[in-house]
Amino acid sequence: MDIEILEGYNHEMGIEMLADGFVASAISHGARCSMVLYERNVKNAVKVLDFPLEYRMGDVWNMRVKVDDIKALKTMEYAFFDGEHIFADPCGKSFSGRDAWGKLDQVHNQKRSPLYQEDFDWEGDKPLHRSESETILYRLHVRGFTKSASSKCVQRGTFAGIVEKIDYLQTLGITAIDLMPCQEFEEIMMPDRRDPYGNDLPTGKINYWGYTRALSLRTKGKFFKETPKKCSQ
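Our numbering puts the first residue of the sequence shown at 35, with every later residue one more than the last.
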């Protein structure tokens with residue numbers, strides 16, 4: 035796959051797919067910034083694309099990447115590199131590398147986003163615009179609401195489990211739900227102080243509730259029984 039790097043534009047942060055490639059925008063405070071490309075399910079990078087300095091605006095780096103084979107991008111994932119650390123795209127809409135809840139051996143897996151994603155089909159769905167005076171709101175935790183076997187849900191601890199409970203909630207008079215943090219947060223807790231020898235290990239504790247830093251444009255993958263594309267909205 036031949037690649038040509040051209041001047042980008044700061045239309046939106048993250049990735050914008052084009053007919054012949056994509057535009058990438060990242061924030062990095064360092065003296066350099068790169069985009070690291072991987073093949074899906076392959077550990078090592080297949081290509082590193084440096085953001086040209088002339089396309090930098092403050093801490094925002096932009097570039098347009100033109101390719102001769104757009105189909106090759108459909109199996110690729112990416113992350114960014116600031117000269118010292120590889121980091122996930124804060125504006126990524128999906129992530130791999132954290133596929134199971136609370137597994138300590140995944141804590142050092144690099145979070146990577148797919149380059150190519152199909153737009154979600156809302157099938158004409160629209161907000162109900164119910165007035166506040168007619169709204170009874172119930173706040174719940176996506177995992178905790180149906181994880182127990184007593185919920186009698188088929189897909190316990192997931193968004194689909196909540197869908198199974200909609201009729202039950204409506205019989206209680208509830209008209210809307212407010213979800214506790216359900217964006218892509220890190221539930222495996224690390225120590226507050228870094229090991230001076232670089233051997234940081236998890237504390238063994240789980241941030242169950244999710245009130246912490248998160249990748250806010252992506253719902254938490256571990257709350258899906260299947261891939262989001264297969265789940266109903």
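Cβ atoms here follow ideal geometry from the backbone N, Cα and C, with glycine treated the same way.
| Query | Result |
| --- | --- |
| For a test of the three-state rule: what should DSSP assign to Y242, helix, strand or coil? | coil |
| Quick one: what does DSSP say E130 is sitting in, helix, strand or coil? | The amino acid at residue 130 is misidentified as Glu; the sequence shows Ser. DSSP places S130 in strand when its eight states are reduced to three. |
| Could you give the distance in angstroms between the alpha-carbon of D93 and the alpha-carbon of F85? | 12 Å |
| In the DSSP assignment, find the beta strand (DSSP E) that holds I211 and state where it starts and stops. | 210-213 |
| If you draw a straight line from the C-alpha of E50 to the C-alpha of T205, how long is it? | 43 Å |
| Using only CA atoms, which one of S128, L83, F257 lies nearest to F193? | F257 |
| From L40 to Q140, what does the alpha carbon distance come to, in whole angstroms? | 36 Å |
| How about the segment 56-70 and the segment 95-111: do they share at least three Cβ pairs that are nearer than 8 Å? | yes |
| Tell me where the alpha helix (DSSP H) around E198 begins and ends. | 193-198 |
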